[in-house]
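There are 2 protein chains.
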Amino acid sequence: MAQDWFERYRETLDGALAASETRGFWSAYPEVPSGRIYGETAKEDGRQAWKSRLGGRFELDQPGINGWIDGEQSPYGIETGISYPRVDLDILCESVGAACTAWQQATIETRTGVCLEILHRLNQRSFEMACAVMHTTGQGFMMAFQAGGPHAQDRGLEAVAYAYREMKRCPTTATWQKRVSKTETVTLEKTWRIIPRGISVTVGCSTFPTWNGYPGIFASLVTGNAVIVKPHPGAVLPLAITVEVMREVLAEAGFDPNVITLVCDSHDEPVAQDLVTRPDIGIVDFTGGNAFGDWIEAHARQARVYTEKAGVNSIVLDGTDDVRGTTGNIAFSLCLFSGQMCTTPQNIYIPEGGIDTPEGRMSFDDAAAAIVKAVDWFVSDPARAAEVLGAIQSTHTAARIDAARSSATTVLRDSTTIDNERFPDARTATPLILQVDASDALQYQQEAFGPIVYIVRTADSAESIAIAADTARSQGGLTAAVWSRSNDVLDRAVDALTAAGVSTSCNLSGQIWVNQSSAFSDFHVSGANPSGNATLCDAAFVADRFRFVASRVPVPAPVEEAVS
Amino acid sequence: MAQDWFERYRETLDGALAASETRGFWSAYPEVPSGRIYGETAKEDGRQAWKSRLGGRFELDQPGINGWIDGEQSPYGIETGISYPRVDLDILCESVGAACTAWQQATIETRTGVCLEILHRLNQRSFEMACAVMHTTGQGFMMAFQAGGPHAQDRGLEAVAYAYREMKRCPTTATWQKRVSKTETVTLEKTWRIIPRGISVTVGCSTFPTWNGYPGIFASLVTGNAVIVKPHPGAVLPLAITVEVMREVLAEAGFDPNVITLVCDSHDEPVAQDLVTRPDIGIVDFTGGNAFGDWIEAHARQARVYTEKAGVNSIVLDGTDDVRGTTGNIAFSLCLFSGQMCTTPQNIYIPEGGIDTPEGRMSFDDAAAAIVKAVDWFVSDPARAAEVLGAIQSTHTAARIDAARSSATTVLRDSTTIDNERFPDARTATPLILQVDASDALQYQQEAFGPIVYIVRTADSAESIAIAADTARSQGGLTAAVWSRSNDVLDRAVDALTAAGVSTSCNLSGQIWVNQSSAFSDFHVSGANPSGNATLCDAAFVADRFRFVASRVPVPAPVEEAVS
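Protein sequence lines, in the order shown, are assigned to chains A and B. Residues in the first sequence are numbered from 1 upward in steps of one, following the numbering used here. Residues in the second sequence are numbered from 565 upward in steps of one, following the numbering used here.
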């Protein structure tokens, strides 16, 4: 059956392999939530499937369940009330260990086929997933559908493709023949097996649980590891549905479904520290804040740890041919999901002498005011604001906005709430925009996750670039954007920022924003600064999850055929 | 010039790339120390080049030199008396940092061409290198030539090929085009740069300084990192010559030679701990004992650490079609370089009920005696013994033999010296063979580096296999060999041992031994047990030494051509 799946999705896999080499635009799973693509009733079916879970227990037939955990809340203020199983880690891990053997001994094609079928079924559940993502992360529906569904599936497929390619790098068998003297030839038949690290743990995040979680989950699974999924207590449902689908497909393919399991915890009784430091855990994938990510890197020493943390993302504004287009583009980047993307810009560096425009120099104050105005326009329509900004996932983020405001000397734009017609109790916040001087490093040279923006007044663009690069090196950084009319400034910015491991976008305009990271083309997080040690997805992300281990046996040398 | 080099060695690179995929026998550098291959005077020229260094200073024009270090000694008991520069790490690292920029900005082809030219020149110096390796490690001349010269060069080339392939995985530029609405298409021009981790340190070992050192040195160098080479104080010359050649080629290619530098220390004033934990060090490659390897893994937290440590290698002797051939093959493996290879077998598991042979059951005692007899025969000819066993690199190894003997209850064969005609003061030792019971775990379930062999009496081969695999999991293990007339036993041994990350050879006979690891075909160290966390050489060994970091800029969509 899994072999059939491999053949069925062969074209998808080949497309992913080709796209990851050419890195043009490619996608396996349609991002448009259209009835013509997903079926006319798909949206309503998905919503009903989601609704049917509310107020009940999320049943999973896995070992060691010893209670139920609730506490997940919708940032949109509605009651969801789902309980998730609590498990005994010792019992669970013992079952997971036993489940591994057949999975790791399966062929590469079998494991790949299973993963591709899982991705296909997840794709069919994209509307249900959209509801689950929306009402845990606070994303607007469109983003929840796209980033939580097809884009996450693309990221998962990307990891499967990378891992498949790495596993096929070494043949299963080869004949090694060496002439060792004038009369003697040694011939060895060599066989290589793929030996996984064992049990892999994914520690999920609260804002993009599937998009950030799938790469590690699929990379570990397809290379023969068992995977324990530990969602963020605030965003369990998207990964619980994922585990449910994965267990269903594994069982259908004849494998022990405990190859993939779910471990839930609560804010009051966290288990992640105990889990990731267990001696039987060989791999940890983490997405989340720097404090816990750093802790895992320091303490989960028995495992190979892959982290996607956070950083301080920068915009260097030196000049533009189109002030309105540029400030609109910046405003959208700041507003999208209320700044709760790890790719959202935080610091906007503008020279005190202003910026270069076709109409001449635009002063610092006018440039800053133009950004504020663009954000104001964006949030002026409540329906648009509700969809684009969504809701605030965590009360900590809401509190962070208050703290930033109270410690600021110059507030250019205060954060406001959004009048969300459909969800009147939604926790919302529009961008807070503060002005600081370059010398106020303590204020802006640290991450302020959420809709908090610093406009930093610098001596000139050379200083803007230098601070942006230095901050990435010390605090981490995932993205940077630069606008300039000078090729020299653009070159210097790209040189400095890419050297600091920051992906850099130049003079963006129109329907493309610095926050966007596209599977098969954009590497997400470079791993070259403190914002993480891994990249989604490159060879380094997959190749260390397994080993080729050989056996070799001499065979009689083949008799050379006489020329007839 | 470097571009010319890339073209000149293109065929060599292509051969290496192909061989690493097919994994049949292939070699770029001839292993036969023949005048017809290397030039009729090559051997004598190499010996003279080596001799001319004796008693003098090894001059290197690198910054921060503040003294001279000696103390390197030939295990063959002759005076070498070479002094090496001592450097101030702060001054050196500052210069290295400055030297990096142009190197990392060079094209992939330029860096690859430089590395291939270095390997070519090292190959031309193989006879000089053989003398240097012989009189630091204690290897016999033939092994010193092959393992220190062409085989090490092959391992270096293998790393260059793997890294080249990984760097070419992502294009330099690509056009990304996405239709974002019915009327609008976004087109981005994306450019990827290779961003190395920065400065890489190789901590060399005393027994195979070039063979184990080249993979990490070349993998880091070709991916744009600067490399600091810190040889073992007992085996400096082979890596000092290597650094000299590398600096010469870098300078010829127009690069700052400080891209590669040498840091020497002494047993009394070691610098490796200070060096590998410096914040500016991004990569560490280590080969050596488990204690210091574990320390580096635990403390060099700012760097990506690759270790090749040691383990307890096993032989499972269940039966054989050819007692004489098998015991002869085992004896050679035990004698080669006096057991100072990390691939040398240490524990030989034999069932108390004896082994299966065509002549019927051979008792445990007779089987053990046959191994002893084969070793005795091997060392009975002093000239053969001197060449195959070489000398003992370290006085610690010599002391270890005495300690093992004195703690043993049953000595089957005592270690003896070899009458080395050419080097009467050589430190030599033939294998010490001890007998223990399976229950004497404390004695044999730890590494005893050097010519120390335990014949372990087990209940049956099932126990032999279980103990061998468990020991690899707990203590590490690089190689295993099994001899049996039963396919079932062979299968079970291969299953258990490869699952424990141990490369396993079955029923070896003739001119092939379990110790041998061949570039482009055999992965050396699996990284899947405590004998190391890295493999020479797979994608995981190279892919994490650099990152692809992108810049992207919108371009006007190309106008679709009208059909004419």
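Think of the CB as a built atom: it goes at the ideal place given N, C-alpha and C, for glycine as much as any other residue. No experiment lies behind these values; they were computed from the predicted model shown.
Listing by chain order, which chain A residues have their CB less than 9 Å from the CB of residue i?
| i | result |
| --- | --- |
| phenylalanine 1087/B | Cys170, Trp192, Arg547, Phe548, Val549, Ala550 |
| phenylalanine 850/B | Here the premise fails: no neighbours, minimum Cβ distance about 16 Å. |
Beta-carbon within less than 6 Å of residue i's beta-carbon, same chain only, minus the 5 sequence neighbours each way: which residues are those?
| i | result |
| --- | --- |
| glycine 1147/B | This structure cannot speak to residue 1147/B, because chain B is shown only from 565 to 1128. |
| isoleucine 37/A | Pro30 |
| serine 505/A | Ala481, Val514 |
| serine 27/A | Asp154 |
| valine 793/B | Thr766, Leu803, Val807, Leu826 |
| serine 464/A | Val316, Tyr349, Thr458 |
| threonine 771/B | Thr701, Gln904, Gln957 |
| cysteine 769/B | Asn776, His796, Thr851, Gly852 |
| serine 1128/B | Low local confidence applies: a pLDDT of 43 at serine 1128/B is under 50, so the model's placement there is unreliable, and no value is given. |
Could you tell me the alpha carbon to alpha carbon distance between residue i and residue j, rounded to whole angstroms?
| i | j | result |
| --- | --- | --- |
| glycine 631/B | leucine 803/B | 19 Å |
| alanine 49/A | alanine 132/A | 10 Å |
| phenylalanine 1084/B | glutamate 387/A | 55 Å |
| alanine 235/A | asparagine 1051/B | 52 Å |
| alanine 1126/B | phenylalanine 332/A | With a pLDDT of 47 at alanine 1126/B, under the threshold of 50, the modelled position of this residue cannot be trusted; read the value that follows with caution. Cα-Cα distance, rounded: 35 Å. |
| proline 597/B | leucine 683/B | 17 Å |
| valine 869/B | phenylalanine 1105/B | 10 Å |
| tryptophan 377/A | threonine 430/A | 12 Å |
| glycine 325/A | glycine 510/A | 7 Å |
| threonine 80/A | leucine 54/A | 5 Å |
| tryptophan 176/A | glutamate 184/A | 14 Å |
| leucine 116/A | arginine 47/A | 24 Å |
| alanine 159/A | leucine 221/A | 10 Å |
| alanine 817/B | aspartate 844/B | 26 Å |
| glutamine 2/A | leucine 60/A | It should be noted that the sequence gives alanine, not glutamine, for residue 2/A. Cα to Cα, the separation comes out at about 23 Å. |
| glutamine 124/A | threonine 841/B | 50 Å |
Can you list the residues of chain A that residue i reaches, using a CB-CB cut of under 7 Å?
| i | result |
| --- | --- |
| threonine 1068/B | Ser551 |
| tyrosine 752/B | Looking at the sequence provided, one finds leucine at residue 752/B rather than tyrosine. Within 7 Å Cβ-Cβ: Ile512. |
| threonine 1099/B | Arg547 |
| aspartate 1102/B | Ala543, Phe548 |
Tell me, to the nearest whole angstrom, how far the beta carbon of residue i is from that of residue j; I am working on the premise that it is less than 8 Å.
| i | j | result |
| --- | --- | --- |
| serine 1081/B | threonine 907/B | 6 Å |
| asparagine 329/A | leucine 508/A | 5 Å |
| phenylalanine 691/B | alanine 606/B | 5 Å |
| proline 797/B | serine 902/B | With a Cβ gap of about 20 Å, proline 797/B and serine 902/B do not count as contacting. |
| proline 1118/B | isoleucine 512/A | 6 Å |
Ignore the nearest five residues each way along the sequence and tell me which others in residue i's own chain have a CB closer than 8 Å to its CB.
| i | result |
| --- | --- |
| glycine 1040/B | Asn854, Lys873, Ala874, Gly875, Val876, Glu1011, Asn1093, Pro1094, Ser1095, Gly1096 |
| glutamine 668/B | Ile758, Ile759, Pro760, Gly788, Asn789 |
| glycine 15/A | Trp26, Ala28 |
| threonine 1099/B | Phe1087, His1088, Val1089, Ser1090, Gly1091, Phe1105 |
| alanine 1036/B | Gly875, Val876, Ser878, Ala1044, Leu1061, Ala1064, Gly1065, Val1066, Asn1093, Ser1095 |
Residue i touches chain A at which residues, Cβ-Cβ below 8 Å?
| i | result |
| --- | --- |
| aspartate 882/B | The contacting residues do not exist; aspartate 882/B stays about 14 Å from chain A at best. |
| threonine 510/B | Here chain B comprises residues numbered 565 to 1128, so residue 510/B is not present and cannot be evaluated. |
Less than 7 Å between C-beta atoms, sequence neighbours within five positions excluded: which residues of the same chain meet that for residue i?
| i | result |
| --- | --- |
| alanine 370/A | Val323, Thr327 |
What residues from chain B crowd round residue i, counting only those whose CB sits closer than 8 Å?
| i | result |
| --- | --- |
| lysine 571/A | Because chain A here runs from 1 to 564, residue 571/A falls outside it and cannot be looked at. |
| tryptophan 176/A | Arg587, Gly588, Phe589, Ser1082, Ser1085 |
| glycine 501/A | Ile759, Arg1111, Val1113 |
| alanine 528/A | Ile759, Arg761, Arg1111, Val1113 |
| glutamate 166/A | Ala1103 |
Report whether the distance from the Cβ of residue i to the nearest heavy atom of the ligand HEM is below 6 Å.
| i | result |
| --- | --- |
| glycine 24/A | Ligands in the displayed structure: none, and consequently the ligand HEM is not present. |
Name, please, each residue of chain B whose Cβ falls closer than 9 Å to the Cβ of residue i.
| i | result |
| --- | --- |
| asparagine 507/A | Val1117, Pro1118 |
| arginine 301/A | Glu861, Ala862 |
Starting from the beta carbon of residue i, find every residue of chain B whose beta carbon is closer than 7 Å, and list them in chain order.
| i | result |
| --- | --- |
| valine 494/A | Ser1115 |
- Query: Are at least three pairs of beta-carbons, each pair with one atom in the region 85 to 104 of chain A and one in the region 287 to 294 of chain A, less than 8 Å apart?
  - Reply: In this structure the region 85 to 104 of chain A does not touch the region 287 to 294 of chain A; the number of beta carbon pairs closer than 8 Å is below three.
- Message: With three or more beta-carbon pairs closer than 8 Å as the criterion, would you say the region 134 to 143 of chain A touches the region 387 to 401 of chain A?
- Response: Touching, yes, given that three or more Cβ pairs across the two stretches are closer than 8 Å.
- How do the region 827 to 838 of chain B and the region 646 to 660 of chain B stand: do at least 3 beta-carbon pairs fall below 8 Å, yes or no? Output reads yes: the region 646 to 660 of chain B touches the region 827 to 838 of chain B.
- Task: Answer yes if the region 359 to 374 of chain A comes into contact with the region 543 to 552 of chain A, meaning at least three C-beta pairs across the two stretches below 8 Å, and no otherwise.
- Result: No contact exists between the region 543 to 552 of chain A and the region 359 to 374 of chain A.
- Message: Using 8 Å as the cut-off, can you tell me whether the region 992 to 1006 of chain B makes contact with the region 972 to 983 of chain B, which would need three or more C-beta pairs spanning the two stretches below that distance?
- Response: Flag = yes, the region 992 to 1006 of chain B and the region 972 to 983 of chain B touch.
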